[in-house]
Amino acid sequence: MPKEDHITLHDLRASYAAWLFSEGYTIAEVMLLLGWSDSRMALEVYSRVFPRRVESVGPKQDEALKGLTVVVA
């Protein structure tokens with residue numbers, strides 16, 4: 001049986017996390033439901049599920065910060 005035909009517990013947990021994100025659950029809620037104490041795993045799954053959202057953050061931030069002046073005291 002090819003490796004890609006095997007479903008692991010890790011695969012199921014990642015799929016569940018992806019489903020939770022697609023249903024609108026927040027990173028904090030997904031972390032709580034899956035017992036994750038570190039947000040790295042949640043962010044990794046989120047960035048795979050919604051790559052366009054992650055890629056669109058930069059331009060949105062640029063637009064939001066346009067015209068602001070940084071003052072160093």
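Residue numbering for the sequence shown follows the UniProt record's numbering, starting at 1 and increasing by one per position.
Heads up, the beta-carbon is just placed ideally off N, CA and C, and yes, glycines get one too.
Just so you know, these numbers come straight off a predicted model, no measurement behind them.
C-alpha gap between residue i and residue j, whole angstroms
i	j	result
serine 39	isoleucine 27	7 Å
glycine 35	valine 72	41 Å
valine 70	proline 59	19 Å
glycine 67	serine 22	34 Å
DSSP-derived helix/strand/coil call for residue i
i	result
residue 75	Outside the modelled stretch of the chain, which goes from 1 to 73, sits residue 75, for which no answer is possible.
valine 45	helix
serine 39	helix
valine 71	coil
Range covered by the alpha helix (DSSP H) that runs through residue i
i	result
glutamate 23	From DSSP, glutamate 23 is part of no alpha helix (DSSP H); its letter is neither H nor E.
Buried or exposed by the 16-neighbour rule on C-beta atoms within 10 Å, applied to residue i
i	result
alanine 42	buried
leucine 9	exposed
leucine 33	exposed
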